[in-house]
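Undergrad:
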Amino acid sequence: MPRPDSRPPTDSAQCPLGAVGDIFVALMQRNFQRPRPDGSLPRILHDKGHACLNGTFTVESPADPALRQGLFAAPGRYDAFVRFSSGLLAEDRHPDSRGLAIKLRGVPGEVCDGAPEGQQDFLMINATTLPASTVRDTVAIFQALDGIKQVTPLSLIAPSYLMPGLRPWRIRWDCLKSMLSVAIEHARTPDLSRMIYHSIAPYRLGLSGAMTFQCCPVPPTTLRRPRGRSFAEKLQSRLDDGPILFDFLVRLRQGDAESLELDGPAWTGPYQRVAQLTLPPQPVRDTIDRGERVAFSPWNALRAHEPLGSINDLRRRIYAASATARGADATFPTDTTD
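Letter by letter, the sequence shown follows residues 0 to 337 in numbering that gives the first Met the number 0.
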């Protein structure tokens with residue numbers, strides 16, 4: 000198994016992003032963490048929650064011994080707290096990235112610096128790429144949005160970034176591809192329980208491996224279209240028909256040629272199932288506000304699943320700043336029921 004590339008420390012006091020990270024945090028907070036009418040602060044990203052559900056994460060015994068690392072080293076069942084969300088827009092009818100965040104408790108193993116003991120977070124979105132694949136381009140796209148008065152689909156297009164100087168031959172194809180992917184996925188399915196969610200960025204798998212992961216929906220026993228107009232109502236309709244199931248799959252890095260940075264070649268290995276997420280029938284509407292004071296982060300993780308790459312370094316800064324400003328708690332919520 001190839002060893003992940005050597006990388007500088009990412010402790011907050013030594014983060015290699017330096018001033019760039021500080022600039023990005025300030026940029027995001029002034030544009031996307033403005034006080035609400037009641038004075039409270041929203042999440043910088045994925046503030047719109049659709050549900051916060053109780054579930055069970057069941058780890059299997061992977062057929063490939065290379066996958067038996069960290070959380071996946073042995074079979075087990077873990078309590079899960081699961082949040083469905085939208086990236087930046089408040090209206091369900093608008094195209095946007097949709098998020099799935101999973102928080103597990105009772106997990107054995109050493110955790111990353113600053114992470115709660117015994118917990119593991121997995122964060123995913125329903126897209127295979129991001130609008131920008133490097134820290135430099137990520138900062139640039141949000142600098143192009145600096146000063147927007149209202150977050151709307153049109154205001155997020157950022158034409159000065161998408162097409163610098165409004166010259167068609169300078170169009171940023173990665174950004175355009177990501178925007179089109181979001182629009183197509185929005186049109187393809189209005190049902191959060193039927194979307195595939197991706198980690199996009201890589202993570203450690205044990206001491207020497209690296210992985211990406213995804214949650215893939217298990218087809219329901221009934222093919223009836225979910226009732227309701229909002230995402231929350233459709234989730235309730237699905238749960239009324241029975242449990243919602245997702246297979247949790249892992250893809251191994253196939254050697255040093257597969258970069259830990261997102262601007263490198265796409266990874267080529269197959270996805271292999273290592274666990275299943277089960278969301279039993281439960282009321283959705285009553286759960287939406289449960290995630291308000293809960294903080295998710297890729298860095299709330301076992302050391303064996305430490306986030307890798309510069310985009311994850313940037314995420315560490317922004318998620319920590321967002322949670323601190325909101326007064327959010329990274330620990331597994333105590334109001335969950337069996």
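Cβ atoms here follow ideal geometry from the backbone N, Cα and C, with glycine treated the same way.
1) Under a three-way DSSP split, which group does Pro242 fall into?
2) Where does Pro216 land, buried or exposed, given buried means 16+ other C-beta within 10 angstroms?
3) Taking the straight line between their C-alpha atoms, what separation do you get for Asp190 and Arg226?
4) If I measure Cβ to Cβ from Pro279 and keep anything under 6 Å in the same chain, skipping five residues before and after, which residues do I get?
5) With three or more beta-carbon pairs closer than 8 Å as the criterion, would you say the stretch 17-24 touches the stretch 44-62?
6) May I have the straight-line CA-CA distance separating Leu88 from Thr151, to the nearest angstrom?
7) What residue range is occupied by the uninterrupted beta strand (DSSP E) comprising Ile124?
8) Tell me whether Asn299 sits in a helix, a strand or coil according to DSSP, three-state version.
9) If we count Cβ pairs, one from each stretch, closer than 8 Å, do we get three or more for the stretch 283-302 versus the stretch 249-265?
10) In chain order, what residues of the same chain have a beta carbon less than 8 Å from the beta carbon of Gln275, not counting five sequence neighbours either side?
11) Here's the rule I'm using: 16 or more other beta-carbon atoms within 10 Å means buried, otherwise exposed. How should Thr333 be labelled?
12) Determine the direct distance from the alpha carbon of Ala186 to that of Arg135, and round the result to whole angstroms.
13) Identify every residue that forms a DSSP beta bridge with Met210.
14) Name the two residues that bound the continuous alpha helix (DSSP H) containing Asp312.
15) Give the secondary structure of Pro269 by DSSP, where H, G and I count as helix, E and B as strand, and everything else as coil.
16) Please specify which runs of the alpha helix (DSSP H), each continuous and at least 4 residues long, are wholly inside the stretch 94-167, giving them in chain order.
17) By DSSP, does Phe331 sit in helix, in strand, or in coil?
18) Going by alpha carbons, who is nearest to Gly69 out of Gly17, Arg203 and Arg92?
19) Mind checking Ile317: buried by the 16 CB within 10 Å criterion, or exposed?
20) Give the secondary structure of Gln281 by DSSP, where H, G and I count as helix, E and B as strand, and everything else as coil.
TA: In terms of the structure at hand:
1) coil
2) buried
3) 10 Å
4) Pro242
5) no
6) 7 Å
7) Gln118 to Ile124
8) coil
9) no
10) Phe56, Thr57, Glu59, Val217, Leu244, Phe245, Asp246 and Phe247
11) exposed
12) 31 Å
13) Tyr202 and Leu251
14) Ser309 to Arg325
15) coil
16) 134-142 and 158-161
17) coil
18) Arg203
19) buried
20) coil
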